[in-house]
Amino acid sequence: MCGIVAYVGPRDSADLIMAGLKRLEYRGYDSAGIAILDREGRLDTRKRAGKLGALAEELVQHPIGDGGTGLGHTRWATHGGPTDRNAHPHLSEDGRLAVIHNGIIENFAELKAELVADGVVFRSETDTEVAAHLLARAYRRSGDLTEAFRDVVRRLRGAFTLLAVHQDEPGVVVGARRNSPLVIGLGEGENFLGSDVAAFVEHTKRAVAVGQDEIVTIRPDSVEITDFSGGHVDGDEYEVAWDAKAAEKGGWPWFMTKEIHEEPDALANTLLGRTRDGLVVLSDLGDRLSDEVLAGIERIVLVAAGTASYAAEVARYAIEAWARVPVAVELAHEFQFREPLLDERTLVISISQSGETMDTLVAVQHARAHGARTLSVCNTQGATIPRESDGVVYTHAGPEVAVASTKAFVSQIAALYLVGLHLGRIRGALDDATHRALVDDLLAAPEKLRAVIQDSWTRIETLAHWMADTHSVLFLGRHVGFPIALEGALKLKELAYIHAEGFAAGELKHGPIALVDHGQVVFVVVPSPRHSAALHAKVVSNIQEIRARGARVIAIAEQGDAAVIPFADELIPLPLTGPWTEPLLAVAPLQIFALELANAKGLDVDQPRNLAKSVTVE
Ligand code: G6P
-1 MCGIVAYVGP RDSADLIMAG LKRLEYRGYD SAGIAILDRE GRLDTRKRAG
49 KLGALAEELV QHPIGDGGTG LGHTRWATHG GPTDRNAHPH LSEDGRLAVI
99 HNGIIENFAE LKAELVADGV VFRSETDTEV AAHLLARAYR RSGDLTEAFR
149 DVVRRLRGAF TLLAVHQDEP GVVVGARRNS PLVIGLGEGE NFLGSDVAAF
199 VEHTKRAVAV GQDEIVTIRP DSVEITDFSG GHVDGDEYEV AWDAKAAEKG
249 GWPWFMTKEI HEEPDALANT LLGRTRDGLV VLSDLGDRLS DEVLAGIERI
299 VLVAAGTASY AAEVARYAIE AWARVPVAVE LAHEFQFREP LLDERTLVIS
349 ISQSGETMDT LVAVQHARAH GARTLSVCNT QGATIPRESD GVVYTHAGPE
399 VAVASTKAFV SQIAALYLVG LHLGRIRGAL DDATHRALVD DLLAAPEKLR
449 AVIQDSWTRI ETLAHWMADT HSVLFLGRHV GFPIALEGAL KLKELAYIHA
499 EGFAAGELKH GPIALVDHGQ VVFVVVPSPR HSAALHAKVV SNIQEIRARG
549 ARVIAIAEQG DAAVIPFADE LIPLPLTGPW TEPLLAVAPL QIFALELANA
599 KGLDVDQPRN LAKSVTVE
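Listed below in structure tokens is the structure:
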């Protein structure tokens, strides 16, 4: 949510910042802007509503001067609509200081009133502009940008990554963060700041995450981190594990197309190196999540938002079955307000691709503050949520750029399965033979998923193109197929802007069946009859119930499922697999369907309207 990039060094920063913004555009794309301190020492800005292309066009029409100090911003609007005026950077009244911001300054109204009373004329409707004016005033007092930050951040409430440049301090960018991400990229004679490493990974892989309530000052040859009171902070440097190519489209029409094709590898990489002698061993979870502690856990709560919450819903069934411990799933944004019962025998597992989702971060902070143990399942090295948790299991899905999550989803389920198997083993709830069979099934899943993606794509594409005028699609599933139905519906809403609902198939008769009319398209995720004949039979009955009312059924079922074939208008076959790996295979056709329907409607698959990939506001 809002992408931030800054550079100090010898190069022409405008091109470099635009390239960084391109890589961060998934974080927000309703407007964008840059500020450059040019070689003559002037501060110049350009900003435009619309996607980054509009700003690029503006820079062609009205080029900005060369200079080695600059910052850029791609926005997801919170306060003030996506207009040119509300786009960042925001300037101080004298035009000598430029600010960009990610987050929400919650007390902006009161700060603004104070500034207005003091004669400041605001030029935008944003909360950010108060920071520009406050920083300019503090700068006038101290003549030092870092000092000005120290002054101002103390007055701000809410969440912010705030970056500024001042015309009187060429070669300096200062940033501060609270509850919103900021990462430093360390170069040779140049340094970078970014919302995440994508901003600078093509230039350097040496990164340092800025911690909570810290201020960073970058110059071409130095990086200084302090806390809000000015105390020195040693940043932990780490090497970025993926290279810039991994975050490029590489010839695919969309990032999402590429990322669905990468799902088998994402799954395999998440499982890689995490078994010993056929059993799952997670050995580096830290002291607070030692085997002894985990053996005594009495309750698990999975917290997440969006797609990650559906991964949690799938995993709930598995973890409870394998570790014999009660598991609940909570939407992260509901968690703290419910005042959940938490103690040191509660394990709160957060699931987040970005590791920066504010709702999820706040849930983790709430859990910790109330004594619970916290484990993060995350795809982003060095992100805030894993750093604020007792331990982390990284999903190794590689960078996910398309706003709609795909490969992260399957890798989140896999990582949570690993946690479930680990807990099952150390709690003595799962015998080794069953454990090994589950691991074998998991390890075989990537290649089966590859086959599903390859074999079903064209068929689903044709189906989606036939259905380009559809206004409503329903999704049904039971057991682990239920969250897959929910995820199928979410994908369709996100990408194709179509009314879509997912239901537990058993719930249908309690109300939703009233929605079924002649021609209503219903996707049904059918469990294999080999695992539970009873469950399978119930889903087949549900199919008959909706068919009887005129529904057009698209079944995702195991190949050769003779009970389904006569009742499905379309059948998408899945290879034989275990009951727990079925959802990993079944979700891909639904993702492909949403993508191809958006394509058929001529929509932007990677950047759907109103959304952002990493939502860093509550
Ligand atoms: C946003 C994205 C979703 C994503 C959710 C959680 O809403 O649009 O695709 O599932 O955030 O993101 P996270 O990074 O925490 O997994």
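Each residue of the sequence shown is one higher than the last, beginning at -1 in our numbering.
Built from N, CA and C at the ideal position, the CB exists for glycine as well.
Please read these numbers as outputs of a predicted model, since none were measured by experiment.
By the 10 Å Cβ neighbour count, where 16 or more other Cβ atoms means buried, how is residue i classified, buried or exposed?
i	result
Asn189	buried
Gly294	exposed
Lys243	exposed
Asn84	buried
Arg697	Examination of residue 697 is not possible in this model, given that the chain is present from -1 through 616 alone.
Asn105	exposed
Thr456	exposed
Val58	exposed
Leu270	exposed
His394	buried
Gly183	buried
Ala560	exposed
Ser140	exposed
Using only the alpha-carbon positions, how far apart do residue i and residue j sit?
i	j	result
Ala330	Ser348	8 Å
Ile563	Met465	21 Å
Arg336	Thr202	43 Å
Gly117	Leu89	16 Å
Ile552	Leu300	31 Å
Leu277	Ile424	11 Å
Leu533	Thr76	45 Å
Pro581	Val312	8 Å
Val514	Ala487	16 Å
Val150	His164	15 Å
Arg155	Ile103	6 Å
Thr575	Val408	15 Å
Ala398	Ala406	Here the sequence assigns Glu to residue 398, which means Ala is not the residue at that position. Using only the alpha carbons, I get a separation of about 7 Å.
Pro179	Leu447	33 Å
Lys49	Pro338	41 Å
Glu200	His71	18 Å
Leu19	His86	13 Å
Glu485	Ile62	44 Å
Phe473	Phe120	49 Å
Leu109	Val391	41 Å
Looking at residue i and ligand 1, is the gap between the Cβ and the nearest heavy atom below 7 Å?
i	result
Gly380	no
Lys45	no
Lys405	no
Val401	yes
Gly304	yes
Leu89	no
Ser526	no
Lys611	yes
Ser387	no
Ser350	yes
Thr372	no
Thr358	yes
Report the CB separation of residue i from residue j in whole angstroms; it is logged as a contact under 8 Å.
i	j	result
Asp64	Arg37	6 Å
Glu91	Ala134	7 Å
Ala157	Gly192	In fact, because the Cβ distance is near 17 Å, the residues do not count as touching under 8 Å.
Ala4	Gly68	7 Å
Val617	Ala207	Since the displayed the chain opens at -1 and closes at 616, residue 617 lies outside it and no answer follows.
Leu280	His433	Going by Cβ atoms, the distance from Leu280 to His433 rounds to 13 Å, so no, they are not a contact pair.
Arg21	Ala239	With a Cβ gap of about 16 Å, Arg21 and Ala239 do not count as contacting.
Leu345	Ile298	5 Å
Arg148	Ile213	6 Å
Ile544	Val524	Wrong, their Cβ atoms sit about 13 Å apart, outside the cutoff.
Ala586	His463	Contact doesn't hold; Cβ gap of about 18 Å is too wide.
Glu261	Thr404	6 Å
Arg46	Asp10	Going by Cβ atoms, the distance from Arg46 to Asp10 rounds to 20 Å, so no, they are not a contact pair.
Ala596	Leu493	4 Å
Kindly indicate if chain C contains any beta-carbon less than 8 Å away from that of residue i.
i	result
Val391	No chain C appears in the structure shown, which is made up of a single protein chain.
Cβ of residue i versus every heavy atom of ligand 3: is any distance shorter than 7 Å?
i	result
Thr355	Looking for ligand 3 in the displayed structure turns up nothing; the ligands present are ligand 1.
Determine, using beta-carbon pairs with one atom in the segment 248 to 265 and one in the segment 600 to 610, whether at least three such pairs fall under 8 Å.
Yes: at least three Cβ pairs fall under 8 Å.
Would you say the segment 327 to 344 touches the segment 292 to 309, given that touching needs at least three Cβ pairs under 8 Å?
Because the criterion of three Cβ pairs below 8 Å is met, the segment 327 to 344 and the segment 292 to 309 touch.
Pairing CB atoms from the segment 607 to 615 with CB atoms from the segment 462 to 482, are three or more of them under 8 Å?
With the cut-off at 8 Å, the segment 607 to 615 and the segment 462 to 482 do not touch.
Using 8 Å as the Cβ pair cut-off and three pairs as the minimum, do the segment 500 to 508 and the segment 415 to 426 touch?
With a cut-off of 8 Å on Cβ pairs, the segment 500 to 508 is not in contact with the segment 415 to 426, counting fewer than three such pairs.
Counting Cβ pairs, one atom from each stretch, are 3 or more of them under 8 Å apart for the segment 140 to 149 and the segment 224 to 232?
The segment 140 to 149 is in contact with the segment 224 to 232.
Would you call the segment 371 to 382 and the segment 281 to 290 touching, i.e. three or more CB-CB distances under 8 Å?
Here the segment 371 to 382 lies against the segment 281 to 290, with 3 or more beta-carbon pairs under 8 Å apart.
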